[in-house]
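Report on the following structure.
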Amino acid sequence: MKKIELLAPAGNFSKLKTAIYYGADAVYIGGKLFSLRALSDNFTDDEIEEAVKYAHERGVKIYVTVNIFAKNSDFEVLKKYLVFLENVGVDAVLITDVGLIALCKKIAPSLKIHLSTQANTLNKYSVKFWEDMGLERVVLAREVSLKEIREIADFCPNIQIEAFAHGAMCISYSGRCLLSNYFNGRDANRGECVQACRWSYEIREKSKDGEFFPIEQDERGTYILNSKDLNMIDHIDEMSEAGVYSFKIEGRMKSEYYLATVINAYRRAIDDYLDNGAVYKQKDLYFNELLKTSHRAFTTAYAFGNNDETVNYFNSQSVGQFVFCATVLGPSENKDYFVIEMRNRFKIGDELEILSPNDNFNKNFKVEKLFDKEGNSVDDAKIVQQKLKIYCQYDLKEGDILRKKL
Numbered sequence: 116m117k118k119i120e121l122l123a124p125a126g127n128f129s130k131l132k133t134a135i136y137y138g139a140d141a142v143y144i145g146g147k148l149f150s151l152r153a154l155s156d157n158f159t160d161d162e163i164e165e166a167v168k169y170a171h172e173r174g175v176k177i178y179v180t181v182n183i184f185a186k187n188s189d190f191e192v193l194k195k196y197l198v199f200l201e202n203v204g205v206d207a208v209l210i211t212d213v214g215l216i217a218l219c220k221k222i223a224p225s226l227k228i229h230l231s232t233q234a235n236t237l238n239k240y241s242v243k244f245w246e247d248m249g250l251e252r253v254v255l256a257r258e259v260s261l262k263e264i265r266e267i268a269d270f271c272p273n274i275q276i277e278a279f280a281h282g283a284m285c286i287s288y289s290g291r292c293l294l295s296n297y298f299n300g301r302d303a304n305r306g307e308c309v310q311a312c313r314w315s316y317e318i319r320e321k322s323k324d325g326e327f328f329p330i331e332q333d334e335r336g337t338y339i340l341n342s343k344d345l346n347m348i349d350h351i352d353e354m355s356e357a358g359v360y361s362f363k364i365e366g367r368m369k370s371e372y373y374l375a376t377v378i379n380a381y382r383r384a385i386d387d388y389l390d391n392g393a394v395y396k397q398k399d400l401y402f403n404e405l406l407k408t409s410h411r412a413f414t415t416a417y418a419f420g421n422n423d424e425t426v427n428y429f430n431s432q433s434v435g436q437f438v439f440c441a442t443v444l445g446p447s448e449n450k451d452y453f454v455i456e457m458r459n460r461f462k463i464g465d466e467l468e469i470l471s472p473n474d475n476f477n478k479n480f481k482v483e484k485l486f487d488k489e490g491n492s493v494d495d496a497k498i499v500q501q502k503l504k505i506y507c508q509y510d511l512k513e514g515d516i517l518r519k520k521l
């Protein structure tokens, strides 16, 4: 059976650690410049070097996005940046611009190149071109079906195929959106998208003194540009058999809780498939996990052909079924107690569920004993980021998450 890479996003170093802890084989990050997620925290040069070291020590690869639509004025700085990325051992860079690809091959020849999804690669002849150019991988446009991916993989056997498996979709064709620039002067193709497609809109009727009216489509709401979220958790087998090598999760601007939940679900689904074949055993479990964090209505988008039902008219985003209460920092000096950092309010008597990549996954326990760092008993954890000691009969690990059903 072919290898499957689970590729996860990380908007900062803390999220990088989360992605690795919950089972990512590779993580894509952005520097402070030249990335299409300029509004996330991103990584300084020193942090990129540290991230590569941290990941490689754990057998995980690091890919760096350099996927803006580059201008002439960018290239002098880009030369130094690409050489830096090569020198610190980055496993690959994601690039859109043809000129930037040529520059990278010239000045950083050992740096592997992945063609970004922003290049809108839709057909086997384009992929063949990039294969002949010596690229390691092509990230296909989201509009490509699994049938078309199979044709591409058969036609281009010597290049890796990466495809999105989960996360936010863009209302525009493979992300080439002008709304952000039009409304706010922030260029999405330079990394500054404000996600104007997620806003609620109204119509102004000029003949009635500029009065605003809500847009209603069968009383479903006003989010006429808001795409559903991609979710392929039930189709790991079909993606793999179509020739997808790397399963990509979108979300460099998403929360640590979101990343932990989604990465953990896909890690378990992929491992289940690799162990048990096409009829992997716990599809309902993995899908239900994805309902526990914030998301929009789910779609398989264009995986199975044309799809006219990809817009989410109801809201910008739905809350998940669970709330992130605390992250585990490690064991306390007291037996059966663990140090946690509070994130959302919980109380004595509440039942918490454990999110973990190990066997504690989805185990529940009641909060019976809780203390602050001075040893005072706490009945109500309501101070955000307060360090607390909690009693738990399970052996919690650093990086585990405690959550509560809403």
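Read in order, the letters of the sequence shown correspond to residues 116 to 521 in the working numbering. Every residue, glycine too, gets a C-beta built ideally from N, C-alpha and C. Treat the numbers as computed from the prediction; the structure is a model and nothing was measured.
The beta strand (DSSP E) that contains residue i, what's its start and end?
{"i": "I183", "result": "I183 -> no beta strand (DSSP E), and no H or E assigned at all."}
{"i": "K502", "result": "502-506"}
{"i": "V254", "result": "252-254"}
{"i": "V454", "result": "452-457"}
{"i": "E263", "result": "Per DSSP, E263 belongs to no beta strand (DSSP E); it is in the alpha helix (DSSP H), 261-270."}
{"i": "G214", "result": "Note, G214: premise wrong, no beta strand (DSSP E); alpha helix (DSSP H) at 213-222."}
{"i": "K195", "result": "Counting along the chain, K195 falls outside any beta strand (DSSP E), though it belongs to the alpha helix (DSSP H) covering 190-202."}
{"i": "V208", "result": "207-210"}
{"i": "N477", "result": "Neither: N477 is in no beta strand (DSSP E) and is coded neither H nor E."}
{"i": "K484", "result": "Note, K484: premise wrong, no beta strand (DSSP E); not H, not E."}
Could you spell out where the alpha helix (DSSP H) holding residue i opens and where it closes?
{"i": "V242", "result": "239-247"}
{"i": "C440", "result": "No alpha helix (DSSP H) holds C440; the beta strand (DSSP E) holding it covers 437-446."}
Given a threshold of 16 other Cβ atoms within 10 Å of its Cβ, counted over all protein chains shown, does residue i qualify as buried or as exposed?
{"i": "D510", "result": "exposed"}
{"i": "P224", "result": "exposed"}
{"i": "Q508", "result": "exposed"}
{"i": "H229", "result": "buried"}
{"i": "Y530", "result": "Any answer about residue 530 is impossible in this case: the structure gives the chain only from 116 up to 521."}
{"i": "F384", "result": "Rather than Phe, the amino acid found at residue 384 in this sequence is Ala. Label assigned to A384: buried."}
{"i": "P124", "result": "buried"}
{"i": "T159", "result": "exposed"}
{"i": "D344", "result": "buried"}
{"i": "K504", "result": "buried"}
{"i": "S188", "result": "exposed"}
{"i": "A217", "result": "exposed"}
Among the candidates the options, whose CA atom is the shortest distance from the CA of residue i?
{"i": "K484", "options": "I498, N477, K450", "result": "K450"}
{"i": "T232", "options": "V253, F244, R383", "result": "V253"}
{"i": "D474", "options": "F453, D515, T442, P446", "result": "D515"}
{"i": "D161", "options": "F184, R257, L200", "result": "L200"}
{"i": "N157", "options": "A166, E164, G145, E165", "result": "G145"}
{"i": "Y388", "options": "Q436, Y401, I469", "result": "Y401"}
{"i": "E456", "options": "Y506, V499, E365", "result": "V499"}
{"i": "A256", "options": "K118, T236, K168", "result": "T236"}
{"i": "F480", "options": "K520, R367, V198, I119", "result": "K520"}
{"i": "Y372", "options": "F486, R458, L197", "result": "R458"}
{"i": "L261", "options": "F419, S433, P472", "result": "F419"}
{"i": "I222", "options": "L197, D269, F270", "result": "L197"}
{"i": "T211", "options": "V203, A185, G204", "result": "A185"}
{"i": "T442", "options": "V434, V454, E448", "result": "V454"}
{"i": "V285", "options": "N273, R265, Y506, E258", "result": "Note that residue 285 is Cys in the sequence shown here, rather than Val. Nearest C-alpha to C285: E258."}
{"i": "E120", "options": "C440, F149, A280", "result": "A280"}
{"i": "G435", "options": "T376, K227, H171", "result": "T376"}
Runs of 4 residues minimum, wholly inside the stretch 329-408: which ones carry the alpha helix (DSSP H) assignment? 351-357, 371-391, 398-405
Whole alpha helix (DSSP H) runs in the stretch 122-174 with 4 or more residues, listed along the chain? 128-136, 160-171
Closer than 8 Å is the cut-off here; do at least three beta carbon pairs connect the stretch 488-496 with the stretch 460-474? yes
Report yes or no: do the stretch 242-253 and the stretch 406-414 share at least 3 C-beta pairs separated by less than 8 Å? no
Segment contact, 8 Å Cβ cut-off, at least three pairs: the stretch 116-130 with the stretch 189-199: no
Check whether the stretch 132-141 and the stretch 176-191 touch, using three or more Cβ-Cβ pairs below 8 Å as the test. yes
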